[in-house]
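Below is one structure; the comments refer to it alone.
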Amino acid sequence: MSDGPGSRSLADWELEPAVDHIERVQREDGLILWYPDGPADPWDHVESAMALSVAGRDEAARHAYRWVTEAQHDDGALWATYGDSEDGDGAHEGDEPRKETHRSAYVAVGTYHHYLCTGDREFLETLWPTVRDALAFACDHQAPTGEIYWTVDPDGEVYEDALIAGCASIYKSLACGAAIADVLGRAGARDRWLEARSRLGEAIRSRPDRFDRTWESKSRYAMDWFYPVLCGVVTGAAARERLETGTDRFLEEELGCRCVADEPWVTVAESCELALSLAAVGRTERAREILEWLFQWTDDDGVFWTGYQFEDEAFWPGERPTWTGAAAVLAADALSGLSAAADLFTDPQPE
Numbered sequence: 001m002s003d004g005p006g007s008r009s010l011a012d013w014e015l016e017p018a019v020d021h022i023e024r025v026q027r028e029d030g031l032i033l034w035y036p037d038g039p040a041d042p043w044d045h046v047e048s049a050m051a052l053s054v055a056g057r058d059e060a061a062r063h064a065y066r067w068v069t070e071a072q073h074d075d076g077a078l079w080a081t082y083g084d085s086e087d088g089d090g091a092h093e094g095d096e097p098r099k100e101t102h103r104s105a106y107v108a109v110g111t112y113h114h115y116l117c118t119g120d121r122e123f124l125e126t127l128w129p130t131v132r133d134a135l136a137f138a139c140d141h142q143a144p145t146g147e148i149y150w151t152v153d154p155d156g157e158v159y160e161d162a163l164i165a166g167c168a169s170i171y172k173s174l175a176c177g178a179a180i181a182d183v184l185g186r187a188g189a190r191d192r193w194l195e196a197r198s199r200l201g202e203a204i205r206s207r208p209d210r211f212d213r214t215w216e217s218k219s220r221y222a223m224d225w226f227y228p229v230l231c232g233v234v235t236g237a238a239a240r241e242r243l244e245t246g247t248d249r250f251l252e253e254e255l256g257c258r259c260v261a262d263e264p265w266v267t268v269a270e271s272c273e274l275a276l277s278l279a280a281v282g283r284t285e286r287a288r289e290i291l292e293w294l295f296q297w298t299d300d301d302g303v304f305w306t307g308y309q310f311e312d313e314a315f316w317p318g319e320r321p322t323w324t325g326a327a328a329v330l331a332a333d334a335l336s337g338l339s340a341a342a343d344l345f346t347d348p349q350p351e
C-alpha cells in the first residue's frame, strides 16, 4: 500500500532528528529509554529499534535486540518496565514488577521487521530462541476462550483479564513469529502460533465479554479503537467501518488523534498508528494528511513531543519519547516505502 521505494526519503520527511534522538538515548547495554534518565519498556524499546532498522542504523538496532535476548527470563518473559533506576528485580524503581504478555511477545514483530529490512538470515537464527520463548510465554497464558491474559506477577500469579489493544498486539506478534518460523523451517512452531492466533482473533472479534472484565472499560482509549485494524485482526470492509465509526470521537482535524476520547489531548504516537491503520484499509491520502499535521508538534531540533493539550495550548507532558518518533518513522515508511519492511502493517497476513 506504500507509494513505492524511493518515492520519499527519511530526510524528505524530516525524520532524521527523530532517529538521531533514539540513538542518543540508547544505553550502552542496548536498552532504549523513553528519554534520557527515564524508564523503558520492552514494547516501546522494540518499536524504537524498528525505527533504527528503517533508517539503516543496523548495528544500533541489533544492539537493541541483543538487550532483549540478555534481559529475557527463563519463562520467556520480560519485566514490564526497566530504566536507569532499576531495583533488585530489574524492574524500574517505583513500578510494580510484573510480566506483561504483549510487551514480552512484541520482540517477534521487531525481529521479523529487522529481517525484512536487512535480509539478514543469521540475525533471524540468532534471535529465534528469544522469539520462540517470548511467544511461548504469551501462549501459555491463553484462556480457553481465546483471549490472552494481560500479566503475571513475580510469584507467577496470573491476572485473568485481557486488553483488546494488548491482545491485538499479540495477534501481530504471532503472525510475525509464524513468518519467522516459516523462513527458518520450524513448521511445528509456525502451526502452533497460527492456531493460537486464529483463536485469539476470534475472541477479539466475537467475544467482547472476555475483555475488561475486572477493570473499567478501555473503550475510551484510541488504541482500543484502531489496534484491531493496525494489527490485522479486523480487515476489509469491517476494518473500514470500524475506523469510520470512531473518527468523530477521536480525530481532531488538523491536530491529530486523541489518546483518550474525553480528554483534549492529541498524541503523536496514536496519530501515527491511526495513519498506519488508515493505510492498511487503503486510505493512504488521509493517512498522509494526518502524518503531515504532526510535524507542528516538534521542538526546535525536530524531535517530537508526546502530544498537545489543545485546550491549554501546551505540549503535555513535557517529554520527547523515543517511541513517539519511532511511530512517525514507521508511518512514513508505510506511506513512502522507505524500507523493505514498509508493508508489514499495511498488508496483514490472513488467518
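First residue of the sequence shown? That's 1 in full-length UniProt numbering, and the numbers climb one at a time after it.
Backbone N, C-alpha and C fix where the C-beta goes; we use that ideal spot for every residue, glycine too.
Nearest-angstrom Cβ-Cβ length linking residue i and residue j, presumed shorter than 8 angstroms
i	j	result
Ala51	Val25	The Cβ separation is near 12 angstroms, so there is no contact.
Trp293	Phe304	At roughly 12 angstroms, the Cβ-Cβ gap does not stay under 8 angstroms, so Trp293 and Phe304 are not in contact.
Ile180	Val131	6 angstroms
Trp79	Gly30	With a Cβ gap of about 15 angstroms, Trp79 and Gly30 do not count as contacting.
Val281	Gly307	About 24 angstroms separates the two Cβ atoms, so there is no contact after all.
Ala341	Leu116	4 angstroms
Which listed residue (the options) has its alpha carbon closest to that of residue i
i	options	result
Pro97	Tyr106, Tyr82, Ala105, Gly110	Tyr82
Tyr149	Leu291, Ala269, Arg132, Ala168	Ala168
Thr69	Asp133, Arg27, Thr118, Asp120	Asp133
Pro129	Leu15, Tyr308, Gly76	Gly76
Ile164	Phe211, Pro264, Trp34	Phe211
Leu127	Gly110, Phe295, Gln142, Lys99	Gly110
Val183	Pro264, Arg121, Lys99	Arg121
Gly56	His113, Ala105, Tyr106	His113
Pro264	Glu160, Arg27, Trp316	Trp316
Leu291	Phe310, Glu252, Glu311, Glu313	Glu252
Gly232	Ser277, Ser271, Arg186	Ser277
Ser219	Ala175, Ala162, Gly201	Ala162
Glu59	Glu28, Ala105, Ala143	Glu28
Phe272	Leu230, Ala143, Leu33, His45	The question names Phe, but residue 272 is Cys in the sequence shown. The residue with the shortest Cα to Cα distance from Cys272 is Leu230.
Cutoff 7 angstroms; reference residue i; Cβ partners in own chain excluding five residues on either side
i	result
Val234	Arg205, Pro228, Arg242
Phe250	Ala222, Trp225, Cys257, Arg258, Ala261
Arg288	Leu335
residue 352	Look at the range of the chain in this structure, 1 to 351, and you will see that residue 352 is not part of it.
Leu344	His113, Leu116
Status (buried if at least 16 other CB within 10 Å, exposed otherwise) for residue i
i	result
Gly318	exposed
Arg213	exposed
Gly4	Here Gly4 scores only 45 on pLDDT, less than 50, and its place in the model should not be relied on; the value that follows carries that caveat. Gly4 comes out exposed.
residue 352	Beyond the ends of the chain as shown, which are 1 and 351, falls residue 352; an answer cannot be given.
Ser173	buried
residue 354	What the structure shows of the chain is the stretch from 1 to 351, and residue 354 is not part of that stretch, so it cannot be assessed.
Trp13	buried
Pro39	buried
Ser217	exposed
Ala49	buried
Glu147	buried
Pro36	exposed
Glu160	exposed
Glu313	exposed
Glu244	exposed
Sequence-distant residues of the same chain with beta carbon closer than 6 angstroms to residue i, five excluded per side
i	result
Asp89	Residue confidence for Asp89 is low, a pLDDT of 47 falling below 50, so the modelled location carries little weight and cannot support an answer.
Pro154	Pro97
Val54	Val329, Asp333, Leu338, Ser339
Glu47	Trp323, Ala326
Gly246	Trp225
Ala138	Thr101, Ala105, Ile148, Ile170
Heavy atom of the ligand MG within 7 angstroms of residue i beta-carbon
i	result
Pro39	The model depicted lacks the ligand MG and carries no ligand whatsoever.
Backbone CA spacing between residue i and residue j [nearest angstrom]
i	j	result
Arg103	Trp43	5 angstroms
Ile22	Thr101	25 angstroms
Asp140	Gly156	12 angstroms
His73	Asp248	43 angstroms
Ala275	Ala331	7 angstroms
Gly177	Ala108	5 angstroms
Ser9	Glu16	10 angstroms
Asp299	Asp191	47 angstroms
Ala196	Asp41	25 angstroms
Trp193	Leu255	39 angstroms
Ala187	Leu135	15 angstroms
CB contact below 8 angstroms: residue i versus chain C
i	result
Pro321	The structure shown contains no chain C; it holds only a single protein chain.
Neighbourhood of residue i by C-beta distance below 8 angstroms, restricted to the same chain and skipping five residues each side
i	result
Ser198	Glu351
Thr145	Ala203, Arg207, Arg210
Phe310	Glu252, Leu255, Pro264, Trp265, Val266
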